[in-house]
Structures are given as C-alpha cells and as structure tokens.
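Beneath this line is the structure, given in structure tokens, with notes to follow.
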Amino acid sequence: MNPALSVIAFTTLSGAGYGLMIWLGLLLPFHRQPPLPAGFGIWTLLLALVLVSAGLLASLAHLGHPERAWRAFSQWRTSWLSREGVLAVWTFVPALLTLLVLLGYLPPHWLLWLGPLLALSAALTVLCTAMIYASLKTVPHWRDWRVAPLYLLFALATGATFQLPVLNYFAPEFLLKMPTTTAQVALFVAFVLRYLQRRALRDSVSAPSLASAVGLPEGNAVKLFEGAHTEDSFITREMVFRFARKHREPMFLAALACGIALAGGLLEHASNAGPGIRPSFLFAALFAYAGVFFERWLFFAEARHVVSVYFERPDAGRG
Amino acid sequence: MTDLPVRTEKKLGLLIDLDICVGCHACAVACKEWNDGGQFGPLTDEDPYGAEPMGVWFNRVHSYTVDPAVPQESGHCGASSPPAGPAGRLGLSLHFPRSCLHCEQAACVTVCPTGASYKRAEDGIVLVDYDRCIGCKLCSWACPYGAREYDQAQGVMKKCTLCVDRIYNESLPEADRQPACVLACPTGARAFGDFADPSSVVSTRSAGRDPQALMPELGYEPTNRYLPPRPRRDQTPEAKADDTLNPAELPTVLRWLDRMLSR
Ligand code: SF4
Ligand code: SF4
Ligand code: SF4
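Going down the list, the protein sequences come from chains A and B. Under the UniProt record's numbering, the first sequence is numbered contiguously, ending at residue 319. Under the UniProt record's numbering, the second sequence is numbered contiguously, ending at residue 263.
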C-alpha cells in the first residue's frame with residue numbers, strides 16, 4: 001500500500017495525543033503522593049489536544065473533499081472510519097471538561113469520573129483507528145488480531161514518553177524513575193510485539209492466487225503476459241507499492257534503533273542524572289516518535305493488497 | 001445508507017466468457033467513451049499527452065498465459081485434455097476484463113463513512129454518489145478487484161455503474177439499453193442480465209458452463225461471473241500423429257498424385 005504521509009501523520013500524532021490522554025486520565029484522579037504539579041496536568045493536556053488536533057487535520061489532507069468531512073460521522077453503524085470520527089469528536093468533551101477542572105473552573109472531585117472517562121474514550125478512539133485497517137479482508141497483513149493491540153501499545157508508549165519532558169519541566173525536583181521505567185517498558189513491549197508480529201506474518205499471510213483471481217481452479221499456472229495499461233493507474237499507485245519490500249529490513253532496524261535503543265537509552269540517561277531540567281527527556285520523546293513513525297510507514301508500505309496479484313510480473317518475487 | 005440491502009430484487013450483472021474474449025480492449029474503450037460523457041463522467045485524464053499519462057477507466061483488460069494444471073476431473077480450462085509433462089502441455093492465452101462485480105457482500109459499501117457508496121435494493125447495482133463522497137479512498141482499499149478508481153481532478157471515487165444511465169434509458173431503442181461494453185464487444189464475449197432470473201441471457205448462457213466468482217474465498221459474493229475457457233483440443237505430438245495422411249484412404253487420382261509428389 002502506498003504510505004501516504006497524511007495517514008501516517010494522522011495515526012502517529014493522534015496516537016501519541018490519545019496515549020497522553022489515557023495516562024493523564026488514569027494519573028490525575030488517583031495520583032496523590034507526591035502531588036503532581038498543577039502545570040503538568042494543564043500543559044500535558046494541552047499538548048495532547050494539539051497532537052490529536054494536528055493528527056485529525058493531517059487526516060483531512062488525505063481527503064478529496066475535506067469540506068464535506070462532516071458527512072463522515074453518519075455511517076457509524078457499519079464504518080470504522082465513521083466510528084473513529086464520532087469518537088474522536090466525542091473525546092474532546094471529557095478532555096475539555098478535564099481542562100476546566102485543572103484550570104479551577106469545575107470542582108476537583110469531578111476528576112474521579114472524568115479521568116477514567118477520558119482514558120476510556122481515548123483508548124476506544126485509538127482502537128477504532130486500528131479497526132479501519134484491521135477490518136479489511138483485502139489486506140491480509142492488516143487483518144491480524146495483533147493490529148489493534150499494537151496501535152494501542154504504540155499510543156501508550158509514545159504517550160508515556162511525551163509526558164516526561166513536561167513533568168520534568170514542571171517538577172525538576174522529582175526523580176522520575178517510575179514513569180521513566182513505565183515509558184521504557186511500554187516502548188519495549190510495543191516494538192517487540194511488532195517484531196514478533198512481522199515474523200509471524202512473514203510465514204503465515206496467505207492471499208488469493210492469480211488463478212483464483214481470474215476464476216480458474218488452483219494449480220493452473222497463470223502468468224501476466226501483457227498488462228492492462230502501459231502507464232500507472234490509481235490502483236497501481238495506491239495498492240501496488242513495491243519500494244518497501246526492497247528496503248523493509250533496514251527500515252525496521254531504524255525503527256527499532258530510534259524507538260528502543262535511542263529513546264530507551266536517553267530515558268535511562270535522563271532518569272539517572274540528578275534533579276534538574278534534563279533535555280534528554282525531550283530527545284527521548286522525539287526519537288520514540290521517529291521510531292513509531294518509521295514503524296507506521298512500514299505498516300502501510302509493507303502491506304500487500306490482494307489486487308496486486310493481477311499486476312504481478314512473472315519474474316517479480318512475491319512477498 | 002451504507003448498510004447493504006438484505007436482499008436485492010434483481011441481481012443485474014455481467015457474464016464474461018473467457019473462452020471467447022480475444023483481448024481487443026473494445027469493451028474498455030467503449031466504456032471509457034460512454035461514461036466520459038454520460039451521467040457519471042467525466043473520467044478525467046491526467047497529463048494525457050505528457051510523459052506519464054494516467055486516467056480513470058472503469059474496465060481494464062489484462063492478458064495472461066496459463067499453463068494448465070495436471071489433468072483433473074472437472075471440465076475447466078486445460079484441466080482435461082492437454083496431458084501433463086512440459087513437452088505435451090499446451091499453454092493458452094487468457095484475456096481477462098476486470099471491472100466492478102457489483103458484489104452482494106460489497107465491503108466497499110459498508111466501509112464508506114459518508115454513505116456515498118451504496119448498493120441499490122431494486123437491482124443490486126453498486127454506485128457512488130459524487131455529491132456525498134469525501135474522497136477518503138477507503139472503498140478502493142476495501143475492493144479486492146481494483147474496481148474503484150479515484151478521480152484526482154474531481155476529488156471523488158469512481159467505478160463501473162453497469163451503465164445505469166443506458167440500461168434504463170427510454171430514449172434509447174430497446175436493443176441499445178445495454179451496457180456500452182456489452183454492445184461494443186465484437187466477439188460477443190460479454191452478456192448483461194439478471195442473475196436472479198433463470199430465464200435471463202446470463203443464466204441461460206452459463207448453463208452447463210460452471211460460471212466462476214472471482215476470489216470466492218474472500219466472501220464478497222460478486223454478482224458478475226466469468227465462464228472459464230473450454231478445454232482445448234488435444235494437440236500433443238501423439239495427437240498430431242493421428243493427422244498424418246494415410247494414402248491408402250485417398251481416391252485413386254490423389255493416391256497417384258501423392259505417389260508422384262512423394263518421390
Ligand atoms: S467489485 Fe469492488 S467496487 Fe464492485 S461491488 Fe465488489 S467490492 Fe465494491
Ligand atoms: S472515497 Fe467516497 S465513496 Fe469511497 S469510502 Fe470514501 S467517501 Fe465513500
Ligand atoms: S457496464 Fe458500463 S460502466 Fe461497467 S464496465 Fe461495462 S461499459 Fe463500463
């Protein structure tokens with residue numbers, strides 16, 4: 001599949017934003033000792049809102065008619081894209097109410113139910129985003145039970161990493177051992193599960209053969225002799241993307257290097273240095289994001305759409 | 001609207017006989033011509049005279065070669081006559097037109113977030129409402145057959161309409177109320193009709209021919225069906241040997257001529 005920048009930006013930015021909302025929704029009401037600095041909650045929530053909005057705006061850039069995007073809320077009965085849209089808009093409600101509590105306009109005890117509601121709404125939105133892809137029978141790489149948990153894990157991992165520089169800025173006296181370890185573990189688990197998924201998929205993905213695609217019984221060796229057109233078409237540009245299959249391993253190594261090695265190492269370094277403002281937290285967040293960005297690029301670029309079977313050159317290797 | 005109709009009264013679709021199709025692209029060109037100017041046009045071309053011309057088509061013809069499988073019971077293409085073994089095996093060429101199959105379980109419809117894609121309850125035709133489409137392209141991802149093409153210029157998704165603006169068009173003579181591709185096909189490889197009606201031309205023409213759904217394992221239940229090529233006549237070296245002349249069977253004059261010429 002053609003990895004459109006707008007879609008990668010949409011899923012990774014909004015994922016990080018919703019990840020932040022999940023952690024915040026769980027932390028704010030239940031974290032008592034030591035008390036979280038007020039600025040942390042406000043600025044983390046603002047950061048989450050900016051990330052989510054940027055992601056949603058990036059998704060609009062993918063549309064042929066962004067001015068009609070409001071129509072996309074209507075088909076929630078069948079369409080995961082529609083459900084994602086509805087939940088994305090809904091999540092602004094608990095997020096903005098939480099912001100009002102943090103700014104002191106609403107009673108603080110509201111957080112006891114607002115926090116979990118915010119976390120749940122954000123998590124469901126991420127899952128709907130994942131299901132847009134995981135529900136497509138036409139892309140066997142995506143129709144995999146691990147896709148939805150992976151989207152959630154990557155959102156949690158980037159969210160956990162993104163909140164650290166903010167926390168560090170507002171409370172330089174805190175030793176951030178616990179939240180740092182949480183972020184490291186989340187990053188590690190997400191990327192390792194993705195590694196295992198890629199390995200499992202390499203051996204197990206099965207798609208219809210060209211014989212089945214032209215209505216002949218299995219066993220007939222059907223080969224492309226002459227394509228339907230000499231130039232590209234929308235279908236070949238969008239679905240028959242070959243670049244990634246050539247460069248996939250270096251790309252995934254880059255994702256692992258950024259997401260686990262660099263981000264994890266910088267987190268380690270930052271949390272071991274004494275109290276004070278430590279820029280390593282910020283760089284760790286940027287590297288974690290880069291890792292997830294590369295991973296998401298591969299998620300699209302590596303996936304084979306079944307229609308590509310009609311276009312396969314006999315000498316082109318499958319896979 | 002993106003719910004699929006529980007059942008459709010008719011199942012209008014195309015029957016494509018792969019035994020007859022010669023890959024002349026007449027159907028594809030006629031489709032482009034009619035739909036470019038019809039109710040669902042234009043089928044925009046990008047950079048038409050430039051280095052990388054690209055455009056929207058509803059119907060495309062691919063050509064394949066088939067090395068038939070080792071003989072099997074069923075009467076599919078090459079499955080019975082040509083004997084196995086690289087020497088004796090007879091390849092054949094297969095010309096394969098590809099357009100929307102107007103699936104009964106059309107995921108292109110259910111994934112659409114706006115309701116722009118819909119399947120008509122009255123005749124089963126799958127259409128796009130250009131005024132609602134936001135151009136998210138998700139339907140093209142959901143279609144396994146590559147039937148949907150995005151129109152960059154208009155920002156909406158397009159696809160075969162089964163020539164809905166011809167088949168119900170009362171200003172056309174009755175015989176012309178058929179899809180443009182069917183009328184244009186010089187060999188008669190394409191037929192249009194109601195698969196739900198056993199007396200329709202698509203039903204009668206497929207009798208005894210085992211019409212095939214494409215990629216049935218995906219469960220889209222396409223309405224359009226393809227008739228696989230009939231088994232080829234035996235043309236192995238041994239079979240050819242049968243063709244050689246037996247002079248003893250010839251009339252006297254020819255036998256004499258054969259003897260003279262064979263010297
Ligand atoms: S062939 Fe493709 S576009 Fe046509 S109904 Fe089936 S899924 Fe939809
Ligand atoms: S591109 Fe248009 S028709 Fe296709 S799913 Fe999106 S809104 Fe629906
Ligand atoms: S039915 Fe009409 S729109 Fe569909 S392929 Fe044939 S000519 Fe084109």
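Ideal Cβ positions, reconstructed from N, Cα and C, are used throughout, including at glycine.
I want to check one thing, is the minimum distance from the CB of residue i to the heavy atoms of ligand 3 below 7 Å?
i                      : result
Pro179 of chain B      : yes
Met162 of chain B      : Note that residue 162 of chain B is Leu in the sequence shown, not Met. Correct: Leu162 of chain B has its Cβ closer than 7 Å to ligand 3.
Trp76 of chain A       : no
Trp90 of chain A       : no
residue 324 of chain A : Here chain A has residues from 1 to 319 only, and residue 324 of chain A is not among them.
Phe58 of chain B       : yes
Given this structure, state the Cα-to-Cα distance separating residue i from residue j, to the nearest angstrom.
i                 : j                 : result
Leu56 of chain A  : Met1 of chain A   : 21 Å
Pro217 of chain A : Leu227 of chain B : 12 Å
Ser212 of chain A : Tyr118 of chain B : 26 Å
Glu52 of chain B  : Ala221 of chain A : 32 Å
Ala122 of chain A : Leu13 of chain A  : 13 Å
Gln75 of chain A  : Leu124 of chain A : 17 Å
Arg304 of chain A : Leu214 of chain B : 18 Å
Gly13 of chain B  : Leu162 of chain B : 7 Å
Thr91 of chain A  : Glu84 of chain A  : 10 Å
His65 of chain A  : Tyr133 of chain A : 21 Å
Phe195 of chain B : Ser99 of chain B  : 17 Å
Ala190 of chain A : Gly50 of chain B  : 46 Å
Leu153 of chain A : Arg132 of chain B : 35 Å
Pro179 of chain B : Phe252 of chain A : 48 Å
Leu15 of chain B  : Val182 of chain B : 10 Å
Trp43 of chain A  : Val101 of chain A : 13 Å
Lys34 of chain B  : Pro231 of chain B : Strictly speaking, residue 34 of chain B in this sequence is Trp, with Lys absent from that position. Distance between the alpha carbons of Trp34 of chain B and Pro231 of chain B: 35 Å.
Asp3 of chain B   : Thr78 of chain A  : 7 Å
Pro5 of chain B   : Gln105 of chain B : 10 Å
Ala207 of chain A : Leu218 of chain B : 9 Å
Leu224 of chain A : Val214 of chain A : 11 Å
Val50 of chain A  : Leu63 of chain A  : 21 Å
Ala30 of chain B  : Glu249 of chain B : 52 Å
Thr187 of chain B : Cys21 of chain B  : 7 Å
Along the alpha helix (DSSP H) that carries residue i, what are the first and last residues, could you check?
i                 : result
Thr65 of chain B  : Looking at the DSSP string, Thr65 of chain B is not in any alpha helix (DSSP H); the run it does join, the beta strand (DSSP E), is Arg60 to Asp67.
Tyr105 of chain A : Segment: none, Tyr105 of chain A is in no alpha helix (DSSP H) and carries neither H nor E.
Met178 of chain A : Lys177 to Ser204
Val214 of chain A : Premise fails: Val214 of chain A is in no alpha helix (DSSP H) and is neither H nor E.
Tyr49 of chain B  : Element bounds for Tyr49 of chain B: n/a, residue is neither H nor E.
Leu24 of chain A  : Leu5 to Phe30
Arg225 of chain B : From DSSP, Arg225 of chain B is part of no alpha helix (DSSP H) but of the beta strand (DSSP E) over Arg225 to Leu227.
Gly291 of chain A : Ser280 to Ala301
Thr204 of chain B : Val201 to Ser206
Val109 of chain B : Ala107 to Thr110
Can you look up residue i in the DSSP assignment and give me helix, strand or coil?
i                 : result
Ser271 of chain A : helix
Phe40 of chain B  : coil
Glu149 of chain B : strand
Ala176 of chain B : Sequence inspection shows Asp at residue 176 of chain B; the Ala mentioned does not correspond to that position. Helix, per DSSP.
His95 of chain B  : strand
Phe192 of chain B : strand
Glu312 of chain A : coil
Ser81 of chain B  : Only weak support exists for where Ser81 of chain B lies, its pLDDT of 44 falling under 50; the coordinates are left without a value.
Met251 of chain A : helix
Gln212 of chain B : strand
Arg166 of chain B : helix
Ser117 of chain B : strand
Leu12 of chain B  : strand
Gly55 of chain B  : strand
Determine the extent of the beta strand (DSSP E) in which residue i is found, giving its start and end residues.
i                 : result
Phe241 of chain A : Run containing Phe241 of chain A: none; DSSP gives neither H nor E here.
Phe174 of chain A : Note, Phe174 of chain A: premise wrong, no beta strand (DSSP E); not H, not E.
Val253 of chain B : Counting along the chain, Val253 of chain B falls outside any beta strand (DSSP E), though it belongs to the alpha helix (DSSP H) covering Thr252 to Leu261.
Ala257 of chain A : That residue, Ala257 of chain A, is in no beta strand (DSSP E); it is neither H nor E in DSSP.
Ala221 of chain A : Ala221 to Glu226
Leu127 of chain B : Val126 to Val128
Trp156 of chain B : Note that residue 156 of chain B corresponds to Val in the displayed sequence, not to Trp. Looking at the DSSP string, the run of the beta strand (DSSP E) that includes Val156 of chain B is Val156 to Lys159.
Cβ of residue i versus every heavy atom of ligand 1: is any distance shorter than 7 Å?
i                 : result
Cys27 of chain B  : no
Ala261 of chain A : no
Cys31 of chain B  : no
Any heavy atom of ligand 2 closer than 7 Å to the Cβ of residue i?
i                 : result
Ile125 of chain B : no
Met157 of chain B : yes
Leu114 of chain A : no
Thr114 of chain B : yes
Cys139 of chain B : yes
Report yes if the C-beta of residue i is less than 7 Å from at least one heavy atom of ligand 5; otherwise report no.
i                 : result
Lys119 of chain B : This structure does not include ligand 5; its bound ligands are ligand 1, ligand 2 and ligand 3.
Practice problem: Please specify which runs of the alpha helix (DSSP H), each continuous and at least 4 residues long, are wholly inside the stretch 53-132 of chain A, giving them in chain order. | Solution: Listed in chain order, they are 80-102.
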